[in-house]
Ligand code: TPU
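Residue numbers (the working numbering): 1142 to 1673.
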């Protein structure tokens, strides 16, 4: 039974409408920080027993948590108070935009009666302009609406949510604080307001014909998986195409695990000098690369060293297909890849060459024994974490050294990988881990790797992992500084006060928590800690 039905004896309100929509789009939780402007809205949402209100320590964390939740669950939601709350959440909402995550951002707004009476209000900059928050969020959302009268609330809420889900971007909904409990009609089933898929048949046929001709004429075709494959629901279609072509398949670093790492055609991560063994020479040797859902940036191309040349590239994006001499629009990525899979001829030249030059064999370096008392090295840390990953694990890595520690770990079938490589905002991983763990469902486990500097930005959210008993482990690498920055340009600004990170967990436990914070300085201590 939907929450809407459970409330049938009471009057149905705008807040209830929003809650029903949350439920219909698959949310079981939403993240929030209360404030006087949003309290009535939070009350309205609480009436829906099928969605759970999750408190965060601050709004930045709440926005990151909603983004992490969206990674696990498909979409997320976060609710803040006017201005002071929303401004803190801005970074996280922009991150969700950059990462193609539909996060529904709800802010309470000013009382429209105050506006009419020309009142000055708290939580504003002390002027009569109440629109700057909306103006800012318009730039980092795909739809931004303000509910300033009750009449059009359903239309505006549905427009914002449907656009977010279709575009895989965050949306902004501001609800005047005096309107959350105002009566409102019950919503229709959500499917009726979601827009149909946009693929145009003619465009699709032309794009497939052109791409198939290029692939069938090439001698050494190769596929490259990009980060947008998941958000736009095209991972299965990409795999169909890969199996039809039979060629080598490389992935971009932020598309790790979007093509199974145990698949016989998988050749690793393409990232210039940081590529998986033997991956870079094969990608560079290919005479035609079909990149599906890529985002080529300075980060993802390792400073433009892993950018395929335009003349040998077909780029299939969520709504368009482009090659050196043509561009087709109005095509859904998954439709294109599936149709192409039915048209291409098999050509496994790049895969055969990859195997001939040795495949993905890793250099066999010195390995430490897990019972060793020698100081813990980065290689040993990676070895121990990797050994512990199974098919039910998601590995989540923070910006910094953690990217490179996690990126080259071999993931078993079913394991997943999360990285915030487009936005790259340090501190993301603690609340995003919390949100991901809330959304990942029973039976899965989350392992996160984070640097000491990043941890200091958002550390408080560990307290909510304890409160909500999430199933996750965090490996905090204390290398005493912003090493990722030191490598680029060193100076005194890259060093900061050390904390007792393991000890912090007992502070967060306070009187009712039971979680463990452990410190390891040797291989043996790490093995013991992981087994605790
Ligand atoms: O492993 P390591 O030492 O690189 O990790 P740690 O200690 O987490 O340091 C991260 C260093 C870092 C900074 C300071 N990486 N990027 N930045 C710049 C930066 C500053 N503020 C935000 C919100 N995001 C950033 N990426």
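We treat Cβ as the ideally placed atom computed from N, Cα and C, and that holds for glycine.
Within the continuous alpha helix (DSSP H) that includes residue 1300, where are the two ends? Numbered from its first residue, the chain shown carries residue 1300 at position 159. Its alpha helix (DSSP H) spans residues 1294 to 1308.
Straight-line gap, residue 1501 to residue 1420 (C-alpha atoms, nearest Å): Start at 1 with the first residue of the chain shown, and residue 1501 comes out as number 360. Start at 1 with the first residue of the chain shown, and residue 1420 comes out as number 279. Distance between the alpha carbons of residue 1501 and residue 1420: 8 Å.
Take the Cβ of residue 1156 as the centre, count every other Cβ of all protein chains shown within 10 Å, and call the residue buried at 16 or more, exposed below. Sequence index remark: in the chain shown, residue 1156 carries index 15 (1-based). So residue 1156 ends up on the buried side.
Helix, strand or coil, according to DSSP, for residue 1180 in the structure here? Along the chain shown, one-based indexing puts residue 1180 at 39. In this structure, residue 1180 counts as helix in the three-state DSSP scheme.
Could you check the C-alpha separation between residue 1221 and residue 1428 for me, to the nearest Å? Residue 1221 sits at position 80 when you count from the first residue of the chain shown. Residue 1428 sits at position 287 when you count from the first residue of the chain shown. In a straight line, the C-alpha of residue 1221 is about 51 Å away from that of residue 1428.
Taking residue 1197 as the reference, which of 1216, 1172 and 1185 has the closest Cα? The residue given as residue 1197 occupies position 56 in the chain shown. Checking every option, the nearest Cα to that of residue 1197 belongs to 1172.
The segment 1549 to 1563 in contact with the segment 1603 to 1617 per 3-pair CB rule at 8 Å: no
For residue 1371, count the other beta carbons within 10 Å of its own beta carbon; 16 or more makes it buried, fewer makes it exposed. Which is it? Reading the chain shown from its first residue, position 230 is the one you call residue 1371. Buried, because 16 or more other Cβ atoms sit within 10 Å of the Cβ of residue 1371.
Can you have a look at residue 1416 and say buried or exposed, based on whether 16 or more other CB atoms are within 10 angstroms of its CB? Along the chain shown, read from residue 1 onward, the residue named residue 1416 stands at position 275. Buried, since its Cβ has 16 or more Cβ neighbours within 10 Å.
Identify every run of the alpha helix (DSSP H) within the segment 1337 to 1390, keeping only runs that are complete inside it and at least 4 residues long; order them along the chain. 1342 to 1358, 1369 to 1372 and 1376 to 1386
Can residue 1395 be considered in contact with the ligand TPU, in the sense that its beta carbon sits closer than 6 Å to one or more heavy atoms? Indexing the chain shown from 1 puts residue 1395 at position 254. No.
Just checking: is the beta-carbon of residue 1319 within a distance shorter than 7 Å of some beta-carbon in chain B? As a matter of chain content, chain B is missing from the structure shown, which is built from one protein chain.
What does the alpha-carbon distance come out to for the pair residue 1360 and residue 1494? As a first step, residue 1360 is located in the chain shown; it is residue number 219 there, counting from the start. As a first step, residue 1494 is located in the chain shown; it is residue number 353 there, counting from the start. Their backbone Cα atoms lie some 12 Å apart in a straight line.
Cβ pair count under 8 Å reaching 3, the segment 1274 to 1284 against the segment 1198 to 1205: no
Grab the span of the alpha helix (DSSP H) containing residue 1644 for me, first residue to last. Looking up residue 1644 in the chain shown gives position 503. Where residue 1644 is concerned, the enclosing alpha helix (DSSP H) stretches over 1642 to 1650.
By Cβ distance, which residues of its chain are closer than 7 Å to residue 1229, with the 5 residues on each side in sequence left out? As a working mapping, residue 1229 is identified with position 88 in the chain shown. Closer than 7 Å at Cβ, skipping near neighbours: 1199, 1200 and 1201.
Quick check on this structure: which residue in 1384, 1266 and 1260 has the alpha carbon closest to the alpha carbon of residue 1225? Counted from its first residue, the chain shown places residue 1225 at position 84. Comparing Cα positions, the closest option is 1266.
Delimiting residues of the alpha helix (DSSP H) encompassing residue 1519: What you label residue 1519 is simply residue 378 of the chain shown in a count that begins at 1. It spans 1519 to 1528 - the alpha helix (DSSP H) in which residue 1519 sits, taken as one unbroken run.
So is residue 1407 buried or exposed if we call it buried at 16+ other beta carbons inside 10 Å? On the chain shown, position 266 is the one that residue 1407 refers to. Under this definition residue 1407 is a buried residue.
Sequence-distant residues of the same chain with beta carbon closer than 7 Å to residue 1355, five excluded per side: Taking the first residue of the chain shown as position 1, residue 1355 is located at position 214. Cβ within range, chain order: 1429, 1455 and 1464.
Could you check the C-alpha separation between residue 1414 and residue 1447 for me, to the nearest Å? Position 273 of the chain shown, counting from 1, holds the residue named residue 1414. Position 306 of the chain shown, counting from 1, holds the residue named residue 1447. Rounded to the nearest angstrom, the two C-alpha atoms are 8 Å apart.
Where does the unbroken alpha helix (DSSP H) through residue 1629 begin, and where does it stop? As a first step, residue 1629 is located in the chain shown; it is residue number 488 there, counting from the start. Residues 1624 to 1629.
Could you check where the alpha helix (DSSP H) with residue 1548 kicks off and where it finishes? In the chain shown, residue 1548 corresponds to position 407, counting from 1. Here the alpha helix (DSSP H) through residue 1548 covers 1542 to 1548.
Sequence-distant residues of its chain with Cβ nearer than 6 Å to residue 1642 (five each side left out): Start at 1 with the first residue of the chain shown, and residue 1642 comes out as number 501. These residues qualify, in order along the chain: 1617.
In the DSSP output, what is residue 1220 paired with across the bridge? By one-based count along the chain shown, residue 1220 stands at place 79. According to DSSP, residue 1220 bridges with 1173 and 1247.
List the DSSP bridge partners of residue 1328. Taking the first residue of the chain shown as position 1, residue 1328 is located at position 187. The partner list for residue 1328 (beta bridge, DSSP) is empty, contrary to what the question assumes.
In chain order, which continuous runs of the alpha helix (DSSP H) of length 4 or greater are located wholly inside the segment 1422 to 1480? none
Could you tell me whether any non-hydrogen atom of the ligand TPU is closer than 6 Å to the CB of residue 1566? Counted from its first residue, the chain shown places residue 1566 at position 425. Answer for residue 1566: yes, Cβ within range of the ligand TPU.
Anyone know if the C-beta pair for residue 1467 and residue 1341 falls short of 7 Å? The residue given as residue 1467 occupies position 326 in the chain shown. The residue given as residue 1341 occupies position 200 in the chain shown. Their beta carbons are not under 7 Å apart, which means residue 1467 does not touch residue 1341 by this criterion.
Proximity of residue 1651 and residue 1485 at Cβ, strictly below 7 Å: The residue given as residue 1651 occupies position 510 in the chain shown. The residue given as residue 1485 occupies position 344 in the chain shown. No, the pair does not count as a contact, with Cβ atoms beyond the cut-off.
In the DSSP assignment, the alpha helix (DSSP H) including residue 1253 goes from what residue to what residue? Numbered from 1 along the chain shown, position 112 holds the residue referred to as residue 1253. Unbroken alpha helix (DSSP H) run through residue 1253: 1253 to 1257.
Note down, in chain order, each residue of its chain lying with its Cβ closer than 7 Å to the Cβ of residue 1317, except the 5 sequence neighbours on either side. For the purposes of this step, residue 1317 is taken as the residue at position 176 of the chain shown. Result list for residue 1317: 1250, 1251, 1252, 1253, 1288 and 1289, in chain order.
Cβ-heavy atom distance, residue 1523 to the ligand TPU, below 6 Å: Here residue 1523 refers to the residue found at position 382 when the chain shown is read from its first residue. No, the beta carbon of residue 1523 sits no closer than 6 Å to any heavy atom of the ligand TPU.
Helix, strand or coil: how does DSSP classify residue 1225 here? Locating residue 1225 in the chain shown gives position 84, counting from the first residue. Helix.
From which residue to which residue does the beta strand (DSSP E) around residue 1636 run? One-based indexing of the chain shown puts residue 1636 at position 495. Looking at the DSSP string, residue 1636 is not in any beta strand (DSSP E), and its letter there is neither H nor E.
I want to check one thing, is the minimum distance from the CB of residue 1636 to the heavy atoms of the ligand TPU below 6 Å? Translated into the one-based positions of the chain shown, residue 1636 becomes position 495. No, the Cβ of residue 1636 stays beyond 6 Å of every heavy atom of the ligand TPU.
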